[in-house]
Amino acid sequence: MLAKLAILLFYFGILFFIGYWSSKKIRDIKDYYVGGKKLGFWVVAFSVRATGESAWLLLGLTGLGAVAGVSALWVVFGEVLGVSLSWLLMAKRFKRLSDRYQSITVPDYLVSRFRSKTHHLRIIASVILSVFVVIYVSAQIDATGSAFEAFMGWNYFTGALVGFGIVLVYILFGGFVAVAWSDLFQGLLMFLGLLLLPLLGFFMLREGESLWQGLYSIDPELLNPWGPGGLTPVNIATLLGFAFIGLGFLGSPQVYVRFMSIKNVAEISKGTWVAIIFTLVTDTAAVFIGMLARYFFTEAGVDVEAVLGINGQNSLIHLVEHLLPLFFIGIYIAVVLAAIMSTIDSLLVVASSAVVRDIYQQILHPKISLEKLTKLSRQVTFGMAIIALGLALTVAITTPGRTIFWFVIFGWSGIAASFCPVIILSLFWKGFTEKGAMASIIVGFLSIPLFKFILASLDEVGIYFDRVAELGPSFAMGLLAGYLVSKWWPDPELAADFEQTISETESKNRSSESIKTLSK
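Going from the sequence shown to the working numbering is simple: count from 1 and add 708.
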């Protein structure tokens, strides 16, 4: 126990140092929310990936690997595809436009993109973002308590409060700069921890037996890429639900604010393959960790959840304790906490920006001084964190049978369905209008509870909605709403303005690239 505590204290010490160092770089609201738009590709690439993964990766996806076997790799396919499309097709255009508009939040970008003459779009975007961010943060706090309980034997509530307190301290000191640099550190921990554990597991397999042979003897369906029973309609819906998780990388504000913070478009090109390789390696490793846990700790006829927890979410914890000496167990506690905290900090900064920048400064008090605004940002960050903590503890008390995987995915899906369709259409369709944007956000937002709680409970067809989950259908509804409303109420002047903006930004980019080529 002392060794675990010593490692954790060292880990927390690094985070506090990052927060203190970052606080020296905070001069105004731009520094607090987007790091002054001067971060390099390594920091941004690891920060994007660490933010996008969270407790879901180390506890949720590993558990899914244990329960579902190789069919869980459909999640990897969806995530790698989503990350690739985001970095290769969307990030550069978003960076150019957000810089042109001098945006420091996603609602900032949307208001400028549509030349908004009212505050309706900003309010809708900020309120909906804040709601789902609080839900998402509460899921991460919940995972913190579960991690401390499993690894350290602490009371769940004690663990949740300790983890929450630590991440809150370095955010309040350093804002986005602290978040980004701590994410780089924590992303490296996640990458190495996830890569090394399955490699060690393969060396520990029973002599003369492969992982595939062992899993086949436990349950042959674990090796079926389509899931138990093969290519049935229910399994198709399930696998689509797995793959649709990757849609959240196509415009979620907590991810895309990182593209605002990067120094220039050239840095995005450098960071693209870092992000893609990180995703491929860590997600694949997480699935294999789950399958190795199933191999080592269960046998034919044994209930996997009775051994590895609800939805197998204790798979990584069991594997670490089985394969590694005490010293390394402490390191893996830090790895799990890194995944959780790297998401909590990012989300809290995004939520705070929605309230302080997009509502308080832009609507209520546009003449407020930058010094007062930065101070208010810290206060709002603290307040929203307390709300998320209260929600996490309430859910823990009232829903003891919850799973980390689906609790996190609900928050992730809500943000993604509300904002990803809007970001995609705003980047690539000149006919997209402000009314279409508002319709897309609202419909995406409302579709999440519709598909999650109402349609999934219907007789006969409910199982398909349950298995495909809420993100894919809600995402499609948001896209459709944005398209139809924009067609019904077109804005030719806005379309022409956007076409000219794109032409100018791309021309400027070609000119800068030509200058760089000549200078070489």
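A virtual CB, placed ideally from N, CA and C, is assigned to each residue, including glycine.
{"Check": "Backbone secondary structure at ILE1229 - three-state DSSP", "Outcome": "With the chain running from 709 to 1228 in the structure shown, residue 1229 is simply not present."}
{"Check": "Reduced DSSP secondary structure (H/G/I, E/B, other) of THR813", "Outcome": "coil"}
{"Check": "Close-in-space but distant-in-sequence residues of the same chain around PHE856 (CB under 6 Å, 5 per side omitted)", "Outcome": "TRP862, GLY867"}
{"Check": "Segment contact, 8 Å Cβ cut-off, at least three pairs: the segment 777-784 with the segment 1006-1013", "Outcome": "no"}
{"Check": "For TRP1120, the nearest candidate out of PHE1090, ALA1100, ILE1156 (CA to CA)", "Outcome": "ILE1156"}
{"Check": "Sequence-distant residues of its chain with Cβ nearer than 8 Å to VAL1169 (five each side left out)", "Outcome": "LEU1163"}
{"Check": "Helix, strand or coil at GLY1009 [DSSP, three-state]", "Outcome": "coil"}
{"Check": "Three or more C-beta pairs below 8 Å linking the segment 919-936 and the segment 761-779", "Outcome": "yes"}
{"Check": "C-beta atoms of SER1134 and ALA1124 nearer than 8 Å", "Outcome": "no"}
{"Check": "Spatially closest choice to ILE970 from ALA1204, VAL756, THR1141, by CA coordinates", "Outcome": "VAL756"}
{"Check": "Beta carbon of THR852 nearer than 8 Å to that of GLY873", "Outcome": "no"}
{"Check": "Among LEU1027, PHE996, ASP991, nearest to PHE1004 - alpha-carbon criterion", "Outcome": "LEU1027"}
{"Check": "Coarse secondary structure for GLY744, derived from DSSP in three states", "Outcome": "Residue confidence is low: GLY744 scores 47 on pLDDT, short of 50, so the model does not pin down where it sits. Its coordinate-derived value is still stated next. Note: GLY744 maps to helix in three-state DSSP."}
{"Check": "Within 8 Å, strictly: CB atoms of ASP1205 and THR1141", "Outcome": "no"}
{"Check": "GLY873 - DSSP class collapsed to helix/strand/coil", "Outcome": "helix"}
{"Check": "Contacts around THR1225, its chain only, beta-carbon distance under 7 Å, and the 5 residues preceding and following it disregarded", "Outcome": "Confidence at THR1225 is low in this model, with a pLDDT of 48, below 50, so its placement is unreliable and the value that follows should be read with caution. Cβ within range, chain order: n/a, list empty."}
{"Check": "ALA1001 versus PHE1090, GLY954, LEU769, residue with shortest Cα-Cα distance", "Outcome": "LEU769"}
{"Check": "Neighbour-count burial assignment, GLN1208, 16 or more Cβ in a 10 Å radius", "Outcome": "exposed"}
{"Check": "Buried versus exposed call for GLU1214 [16 or more other C-beta atoms within 10 Å across all chains shown]", "Outcome": "exposed"}
{"Check": "Among LEU900, VAL1063, LEU913, nearest to ALA993 - alpha-carbon criterion", "Outcome": "LEU900"}
{"Check": "Buried or exposed (CB count within 10 angstroms, at least 16 for buried), TRP795", "Outcome": "buried"}
{"Check": "Through-space distance from THR1106 to PHE957, alpha-carbon basis", "Outcome": "31 Å"}
{"Check": "Simplified DSSP state of GLU929, which is helix, strand or coil", "Outcome": "helix"}
{"Check": "For SER1023, the nearest candidate out of ILE1048, ILE997, THR990, ALA753 (CA to CA)", "Outcome": "ILE997"}
{"Check": "DSSP three-state assignment for THR1102, whether helix, strand or coil", "Outcome": "helix"}
{"Check": "Outcome for MET912 when other beta-carbon atoms lying within 10 angstroms are tallied against a minimum of 16", "Outcome": "exposed"}
{"Check": "C-alpha distance - ILE1067 paired with ALA714, whole-angstrom precision", "Outcome": "43 Å"}
{"Check": "C-alpha distance - TYR924 paired with PHE1035, whole-angstrom precision", "Outcome": "33 Å"}
{"Check": "Any 3 or more C-beta pairs closer than 8 Å across the segment 951-968 and the segment 801-814", "Outcome": "yes"}
{"Check": "Where ASP1167 sits in the DSSP three-state scheme", "Outcome": "coil"}
{"Check": "Environment of ARG1175 [buried if 16+ CB atoms lie within 10 Å]", "Outcome": "buried"}
{"Check": "Expected contact under 8 Å - CB spacing of TYR964 and PHE802 to nearest Å", "Outcome": "6 Å"}
{"Check": "ILE1071 burial status per 10 Å Cβ neighbour count (16 or more: buried)", "Outcome": "exposed"}
{"Check": "Reduced DSSP category for ALA1203 - H, G, I as helix; E, B as strand; rest coil", "Outcome": "helix"}
{"Check": "Pick from GLY1091, SER1060, GLY1098, VAL788 that is closest to THR987, judged by C-alpha positions", "Outcome": "VAL788"}
{"Check": "Every unbroken alpha helix (DSSP H) within the segment 1010-1080, with a cutoff of 4 residues, ordered by chain", "Outcome": "1012-1016, 1023-1031, 1034-1063"}
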